[in-house]
Ligand SMILES: Cc1cc2nc3c(=O)[nH]c(=O)nc-3n(C[C@H](O)[C@H](O)[C@H](O)COP(=O)(O)OP(=O)(O)OC[C@H]3O[C@@H](n4cnc5c(N)ncnc54)[C@H](O)[C@@H]3O)c2cc1C
Ligand SMILES: [Zn+2]
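Residue numbers (our numbering), protein chains in the order written: chain A, 63 to 478; chain B, 104 to 190.
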């Protein structure tokens, strides 16, 4: 069923009886050409682009819970292309372009809103770093505008400009940055993949990977064995467990990242804003809730809930930057399990097993990456060659020294 | 979360700096093959369950600790001094 404004009106007139489920709920077949493990954003997008770009439709996505139950449905939804390292820059630029055409491509409203992202800076050194980043973004063909203090004040009059400890020197405005509705991205890709023939199998946990003579043959699941010619591991925070089924030890440590949302308020914050002192970023959802977050809890964890010190840090940083939010009540907080890599950048690569591929290491920034990750993982699985915009996301780059350390802090797990 | 430091007792998580998996205690000898260094620095078991990792009692006795804990439940089942393990 194609969605359209006309359809909404027609259904409204006839009691909304004509809507059908957005995707089928099939039982697994005994064999597929391609199996994608993990029904998060990246897994669903991979399946969608395998079908759409490469005509490979005999595909199953195996999800242990329900579609979108992982990080794709629990992130702070910031979408941006403001990276500067060659390797990252072209990838996120490609992703943002896909975002810009996503809704018409998927025939699904993912509520992508390019409301502008402003990264604040608070010292001369930070200004220099942002000038450099802005130039890299412009060189990549994306957009960046340097705002001075008055420029920031025009956009964000409610910030605390009198703060003497962390004075606001200016900000880097990325007009095409913004946010999207996280669940809708999973649902849109799921529906698009299903419509092209992909089987989305929920409540199906992969428990083993079958390998014969160095070649992948299929997987073992809680719903039986399924054979496949190619298998993609796309399980975010659970990457280490699934890769271990193929005898691999990954450069990944899983950490919890928390997020917070307030009660619904009238429109007050029109941009996505990040504080340059202390970790804090905020936007307002279309429902009115202020959605904000900070840094990792900073120790390896698989508990989808966080610890108090980071809650305090985030609240303090928010109050320092924009005291007005102190009136809002926090409704909920939650955590998601992030697949942290030593240099903070992802992996889209083959493995030592023929036919087995892996897409992981998204750290806390994998939402914006969903379209390009799916695009590039599908390209790799279909053609056997890395896509040019993801060519540097090698699994062995830590051993070979070809790091993608965007923050320049070093290649060590506890530094990103 | 609280950790019970063998020297300082039950202390708040804020006093500790997290370093990473106990792999850091097994530094390869000089001249070891590249793969050993990759294992030591980057590759991790990253278990969902019981793990051992290194913490530094930064705001306390300044000792390095090996903490045995569950990454799913946050339960702590042991804290040892690195200095005593090596002795
Ligand atoms: C609080 C928070 C805030 C964030 N904010 C942002 C942001 O503002 N911008 C941004 O770009 N990114 C953000 N991220 C990061 C982003 O959400 C993740 O990087 C991204 O969603 C991870 O990829 P995914 O969607 O495929 O993961 P997931 O949705 O976690 O998908 C992985 C799926 O694999 C399934 N799975 C695991 N093991 C198995 C198995 N054995 N068998 C079958 N299925 C299995 C899981 O159930 C899960 O559904 C944030 C994350 C969190 C937690
Ligand atoms: Zn101590």
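The C-beta atom is built at its ideal place from N, Cα and C for all residues, glycine as well.
For this session: Would you mind stating whether residue 454(A) and residue 149(A) have Cβ atoms separated by less than 8 Å?
Result: Along the first chain, read from residue 1 onward, the residue named residue 454(A) stands at position 392. Along the first chain, read from residue 1 onward, the residue named residue 149(A) stands at position 87. It is a contact, given that the beta carbons lie within the stated cut-off.
Problem set entry | Beta-carbon contacts of residue 203(A) that lie in its chain and below 7 Å, excluding the five residues immediately before and after | Reading the first chain from its first residue, position 141 is the one you call residue 203(A). By the criterion of a C-beta distance shorter than 7 Å, residue 203(A) is surrounded in its chain by 155, once the five residues flanking it on both sides are discounted.
For this session: Compute the Euclidean distance between the alpha carbons of residue 519(A) and residue 433(A), then round it to the nearest angstrom.
Result: Since the first and last residues shown for chain A are 63 and 478, residue 519(A) lies out of range.
Exercise. Which residues in the same chain have their Cβ closer than 6 Å to the Cβ of residue 207(A), if we skip the five residues on either side of it in sequence?
Worked result: Here residue 207(A) refers to the residue found at position 145 when the first chain is read from its first residue. Within the same chain, residue 207(A) has close Cβ partners 235.
For this session: May I ask which residues mark the beginning and end of the beta strand (DSSP E) holding residue 107(B)?
Result: For the purposes of this step, residue 107(B) is taken as residue 4 along the second chain, with counting starting at 1. From DSSP, the beta strand (DSSP E) with residue 107(B) extends over 105-108.
Problem set entry | Proximity of residue 421(A) and residue 108(A) at Cβ, strictly below 8 Å | As a working mapping, residue 421(A) is identified with position 359 in the first chain. As a working mapping, residue 108(A) is identified with position 46 in the first chain. In contact: residue 421(A) and residue 108(A) (Cβ atoms closer than 8 Å).
Problem set entry | Per-residue DSSP class, three states only, for residue 181(A) | Reading the first chain from its first residue, position 119 is the one you call residue 181(A). Reduced to three states, the DSSP call for residue 181(A) is strand.
Problem set entry | Segment contact flag, the stretch 241-257 of chain A with the stretch 164-175 of chain A, C-beta cutoff 8 Å, min 3 pairs | A contact exists between the stretch 241-257 of chain A and the stretch 164-175 of chain A.
Problem set entry | Stretch pair the stretch 179-192 of chain A + the stretch 355-371 of chain A: three plus CB contacts closer than 8 Å | No contact exists between the stretch 179-192 of chain A and the stretch 355-371 of chain A.
Exercise. Mind checking whether residue 310(A) and residue 382(A) have CB atoms under 8 Å apart?
Worked result: The residue labelled residue 310(A) in the question sits at position 248 within the first chain. The residue labelled residue 382(A) in the question sits at position 320 within the first chain. No, these two residues do not count as a Cβ contact at 8 Å.
Problem set entry | the stretch 390-404 of chain A contacting the stretch 128-135 of chain A, beta-carbon criterion three pairs below 8 Å | Here the stretch 390-404 of chain A makes contact with the stretch 128-135 of chain A; the two share three or more CB pairs at distances below 8 Å.
Exercise. Can the beta-carbon of residue 278(A) be found less than 8 Å from the beta-carbon of residue 415(A)?
Worked result: Taking the first residue of the first chain as 1, we reach residue 278(A) at position 216. Taking the first residue of the first chain as 1, we reach residue 415(A) at position 353. It is a contact, given that the beta carbons lie within the stated cut-off.
For this session: For residue 146(B), return the contacting residues in chain A, with the cut-off set at a CB-CB distance below 7 Å.
Result: Position 43 of the second chain, counting from 1, holds the residue named residue 146(B). By Cβ distance, chain A contributes 311, 312 and 313.
Exercise. Quick one: which chain B residues come within Cβ less than 7 Å of residue 354(A)?
Worked result: Your numbering for residue 354(A) matches position 292 in the first chain. Near residue 354(A) there are no residues of chain B at all, since even the closest Cβ is about 21 Å away, more than 7 Å.
For this session: Put residue 438(A) into one of helix, strand or coil per three-state DSSP.
Result: As a working mapping, residue 438(A) is identified with position 376 in the first chain. In the three-state DSSP reduction, residue 438(A) falls in the helix class (H, G or I).
Exercise. Tell me the DSSP bridge mates of residue 97(A)?
Worked result: Along the first chain, one-based indexing puts residue 97(A) at 35. Residue 97(A) is bridged by DSSP to 122(A) and 293(A).
Exercise. Under 8 Å Cβ-Cβ, which residues of chain A neighbour residue 139(B)?
Worked result: Position 36 of the second chain, counting from 1, holds the residue named residue 139(B). Correct list: empty, because the minimum Cβ distance to chain A is about 10 Å.
Exercise. Does residue 156(B) have its Cβ less than 8 Å from a Cβ in chain A?
Worked result: Sequence index remark: in the second chain, residue 156(B) carries index 53 (1-based). By this cut-off, residue 156(B) is an interface position.
For this session: Count the CB pairs spanning the stretch 363-375 of chain A and the stretch 404-411 of chain A that are closer than 8 Å, and state whether there are at least three.
Result: Touching, no, given that fewer than three Cβ pairs across the two stretches are closer than 8 Å.
Problem set entry | 7 Å Cβ cut-off: residues of chain B touching residue 303(A) | Reading the first chain from its first residue, position 241 is the one you call residue 303(A). Those are 151, listed as they occur along chain B.
For this session: Could you check what DSSP says for residue 200(B) in three-state terms: helix, strand or coil?
Result: Given that chain B is displayed from residue 104 to residue 190, the structure contains no residue 200(B) and the question cannot be resolved.
Exercise. Nearest to residue 269(A) by CA position, among 146(A), 118(A) and 125(A), is which residue?
Worked result: Sequence index remark: in the first chain, residue 269(A) carries index 207 (1-based). By alpha-carbon distance to residue 269(A), the top candidate from 146(A), 118(A) and 125(A) is 125(A).
Exercise. For ligand 1, any of its heavy atoms closer than 7 Å to the Cβ of residue 220(A)?
Worked result: Here residue 220(A) refers to the residue found at position 158 of the first chain. Relative to ligand 1, residue 220(A) has its C-beta separated by 7 Å or more from all heavy atoms.
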